[in-house]
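Per our numbering, the very first residue in the sequence shown carries number 308; after that it's consecutive. Glycine included, each C-beta is placed from N, C-alpha and C at the ideal position. Keep in mind it's a predicted model, so treat the numbers as computed, not measured.
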Amino acid sequence: MARSITDRMRGAAMLDVATYEEVEADTTATGQAAIVVGIVAVCAAIGGVRGGASGAIAGVLGAFFSWMIWAGVTFVVGEKMFGGTATWGELLRTLGFAQAPGVLYLLGIIPVLGTMVQFAVAIWIMVAGVIAIRQALDFTTGKAVITAIVAFLVVLVVSGIMAGIFGLGRAIF
């Protein structure tokens, strides 16, 4: 029986391998993963209050764009370079839920402490992303780390280019 989205978010944030396996296998969980990405984007927009309303909108749209690109690049790198076995949908689901710790970005509104929390949460999400990649692609942690780094760098470059094209640099970065 499928668990609730909050149970899955909690499991993903706690780096529970079984949760990642569950959402990988549950093809109906893609919508839930998108909701997680949306919730985290809103929390980040509130916690990072930079760029006003247009910055918040750009941040939310950018979160969905980055999530899809991250899953796509991870799929290509993981399958082609390392022989992993996953679908783009499996990576969307696992990487979407890997962002669950991002609800704590909301704490960014607290002076001084907020910046430290946001930094720690970013590291936490990256670790969760490695677990998500490892479980979805069914390969070693080392391959998952390399895949995550390559995919992250590609997303960073693509996001930077898109921000420059659409003049959203201040809103996103």
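*asked:* Let's see if you can read the secondary structure: which residues bound the alpha helix (DSSP H) around Phe389?
replied: Looking at the DSSP string, Phe389 is not in any alpha helix (DSSP H), and its letter there is neither H nor E.
_Is any non-hydrogen atom of the ligand MG found closer than 7 Å to the C-beta of Gly471, if you look at the structure I gave you?_
Of the ligands one can find in the structure shown there are none, so the ligand MG has no counterpart to examine.
*For Ile438, the first and last residue of its enclosing alpha helix (DSSP H)*: 420–444
_Reference Gly449, options Gly391, Gly318, Glu328, Gly355, closest by Cα_ = Gly391
*Starting from Gln406, follow the alpha helix (DSSP H) in both directions and report where the run begins and ends.*
From DSSP, Gln406 is part of no alpha helix (DSSP H); its letter is neither H nor E.
*Within the region 312–352, ranges of the alpha helix (DSSP H) (whole runs, at least 4 residues)*: 312–320, 324–332
*Express the C-alpha separation of Trp395 and Ala351 in angstroms, rounding to a whole number.*
25 Å
*Alpha carbon to alpha carbon, how far is Val428 from Gly409?*
6 Å
*Given a threshold of 16 other Cβ atoms within 10 Å of its Cβ, counted over all protein chains shown, does Ser373 qualify as buried or as exposed?*
buried
*Can you tell me the Cα-Cα spacing of Val367 and Ala341, whole angstroms?*
11 Å
_Proximity to Val419 [Cα-Cα], best of Ala443, Val464, Val380, Gly355_ = Gly355
*Assuming Gly385 and Ala393 make a contact with CB atoms under 8 Å, what is their CB distance in whole Å?*
7 Å
*Measure the alpha-carbon distance for Ala363 versus Arg317 and round it to whole angstroms.*
25 Å
*Keeping to the same chain, check which residues put their C-beta closer than 6 Å to that of Ala522; ignore five residues upstream and five downstream.*
No answer is possible for residue 522: it lies beyond the span of the chain, which begins at 308 and ends at 480.
*Among Thr447, Ile376, Ile416, which has the Cα closest to the Cα of Phe459?*
Ile376
*Buried versus exposed call for Phe426 [16 or more other C-beta atoms within 10 Å across all chains shown]*: exposed
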